[in-house]
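Residues -23 to -1, 1 to 158 in mature numbering (1 follows the signal peptide of the UniProt record, and there is no 0) are what the sequence shown spells out, letter by letter. We treat Cβ as the ideally placed atom computed from N, Cα and C, and that holds for glycine. It should be emphasised that the depicted structure is a prediction, and the values quoted were computed from it without experimental measurement. Written out below as structure tokens is the structure these notes cover.
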Amino acid sequence: MKKLILIAVAMLLAVSLPEFVSAQKYSSLDKSPADIAYFRPGGRNSQPVAKVIYSRPQKKGRKMIGAKEPFGKIWRVGANESAEIKFYRDVTFGDKSIKAGTYTLYAIPNEDKWTVIINSKIDTWGAYSYDQSKDVARVDVNVEKPSKEIEAFSIAFDGDGAGNGKMYMAWENYQVAVPIK
């Protein structure tokens, strides 16, 4: 009898398990997919200096910087969750000393310069709970025009093997570069 009950339970599980698994809900692809940019000055296998986790909104025919993301207003740098930057060691970001750690990355875009902000309040969505009193550094950088229009907001690094480089942020016809040492 015990064997019969075990066989019945096993058959019931075998029939219902596929239904349970297929009933799971998975979200569709985000309209502003998440991405990661690493600063590894010595190449792919070297120790990182910095890492940025951010979402990549796309222009899709719209005017973004100066319109949807207004000039002179705090911006989360990307979309969705506020971008986070992790420094694996103490660095100079622009002309400001930053201790190793994880921070939120914001910007105030303007037509000719952006103020790039490192803030200690992490795990935030958007810039809705931005708290200026938590700013660790503010760095003003001049706007450059990229060689071609950038459809999806992008962050990239370049640098030398000594750990000196730049963090680039670009979207549409706007590009800024923050020196990192």
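Residue range of the beta strand (DSSP E) that includes residue i
i	result
V153	151 to 157
T81	78 to 86
K28	27 to 32
F130	127 to 136
A14	11 to 16
T69	68 to 70
I95	90 to 96
S124	From DSSP, S124 is part of no beta strand (DSSP E); its letter is neither H nor E.
K45	Premise fails: K45 is in no beta strand (DSSP E) and is neither H nor E.
R115	112 to 119
Neighbourhood of residue i by C-beta, 6 Å cutoff - its chain only, sequence neighbours within 5 removed
i	result
K76	D67
G19	G138
Option in the options with minimal Cα separation from residue i
i	options	result
A104	E126, M146, G55, K90	G55
K111	S97, K122, W102	S97
K28	K143, A147, W148, V153	K143
K90	Y80, E128, V155	V155
R39	A11, E149, T81	E149
A84	T69, D72, D117, Q24	D117
S106	G71, F134, S59	S59
Distance, residue j Cα to residue i Cα
i	j	result
V120	E126	14 Å
Y151	Y31	18 Å
W52	D100	15 Å
T92	A147	14 Å
N87	G136	26 Å
G78	Y65	7 Å
G140	W102	31 Å
K63	L82	10 Å
Y3	D72	44 Å
M41	K158	31 Å
F134	G43	24 Å
Close beta carbons around residue i, own chain, < 8 Å, minus the five adjacent residues each side
i	result
R33	S9, P10, A11, D12, G55, A56, A129, F130, S131
P123	A147, N150, Y151, Q152
K45	R39
Cβ neighbours of residue i in the same chain (closer than 7 Å, five flanking residues each side left out)
i	result
R115	T92, I94
S23	R17
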